[in-house]
Amino acid sequence: MPVYNNENFLKDSIESILEQSFSDFEFIIINDGSTDNSSSIIEKYKLIDSRIKIIHQKKSNTSTVLNKGIKIASGIYIARMDADDIAMKCRLKKQLDYITKYNLDILGSNVHFINQDGVLLGKETKKPLFDSEIKWSLLFSNPLIHPTILARSQLIKKYPYNENHIYAQDYGLWIKLLPFASFGNLKEKLLSKRLSSKNTKEKQYLEQKRIIKSCRFIACRKILGNSMGKEEFLCFWKFIENKKMNHREFFIGFKVLNYLYRSIHKINIISKENIKNEFFDIIYKRGVSQIKYSIGR
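Going from the sequence shown to the numbering used here is simple: count from 1 and add 1498.
So, in structure tokens, the structure goes:
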């Protein structure tokens, strides 16, 4: 669990892990240069629970912090947690049972959203549940919620986060693992995810988009190889991001989508039948949007 100036929420977050129904774990907390009372709060909990391991360091980026935690973790599985979220008491137990039963590498769950005061909001997630759906969805979005992840330790020690990814480091990792890892999501909401009150600065938003775009290009290349050039990808990007397109761009974007659908065996999806509904849903939504744009011009 990375911590940076989370004093207002840290108590609830730490206690939600210490009170898990499954209790055989080490709890690695990395204090990433906090300047508030986070450090003293963590130290206080360490005195009363020997499962806690603390690392204090100078401020770095999230990817570097996560890789440090992964490197020293000794368990068969590694769970992610954010310092302002709250895990349901059954989270670890349910995820461990499921990941071992179905022999998965990466397992997430759905979440509830809470505000800064811990009040439950109406928003909740409905992420795809199965490996084929998740792999297909990764070409268009991020179907895994980072702080809900339970991952096979051996895998992410071998393939760590890209430390050049200041943002969207999880998406970059899933794309890296796309051809050979097995993914899943639990339908249950095993985490209360706190929505930040901070506004994302435009510079941060643009950098996040740049990383996502780069990762998505890599994902498409994993499937289509060098046959997909930059022009084709840019049209595909516009297609899935619901951007305004001329008819030529729309046709190219659709063609790339169709090629991806026909070549999905390269990302270890057994059958196109598994994702047929999702494929036609994208075509329908994008087609309606394009018709509206054409009429409005």
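C-beta: ideal position from N, C-alpha, C; glycine also.
Looking only at L1684, I1550, I1721, F1749, the smallest Cα-Cα distance to K1674 is reached by I1721.
Here DSSP, grouped into helix, strand and coil, assigns S1639 to coil. Each of K1556, K1655, V1501 was checked against the Cα of I1526, and the nearest Cα belongs to V1501. In the pairwise beta carbon analysis, the region 1685-1692 is classified as touching the region 1580-1593: at least three pairs are separated by under 8 angstroms. Your pair Y1543 and I1512 checks out as a contact, with CB atoms roughly 5 angstroms apart and the cut at 8 angstroms. With a threshold of 16 other beta carbon atoms within 10 Å, S1635 meets it and is buried. Between K1774 and W1735 the beta-carbon gap is near 23 angstroms, outside 8 angstroms, which marks them as no contact. Counting C-beta pairs with one atom in each stretch, the region 1609-1626 and the region 1516-1535 have fewer than three that are closer than 8 angstroms, which means they do not touch. Your pair Q1667 and S1558 does not check out as a contact, with CB atoms roughly 12 angstroms apart and the cut at 8 angstroms. Annotation for Q1667: the continuous alpha helix (DSSP H) segment containing it runs 1667-1675. Residue pairing of K1711 in beta bridges, as defined by DSSP: absent, with no partner found. Rounded to the nearest angstrom, the gap between the Cα atoms of E1700 and L1564 is 25 angstroms. If you compare the alpha carbons of K1624, L1594, E1705, P1645 with that of D1582, the shortest gap goes to P1645.
Taking all protein chains shown into account, L1619 has fewer than 16 neighbouring C-beta atoms within 10 Å of its C-beta and is therefore exposed. In the three-state reduction of the DSSP assignment, P1626 falls in the coil class, being assigned neither a helical nor a strand state.
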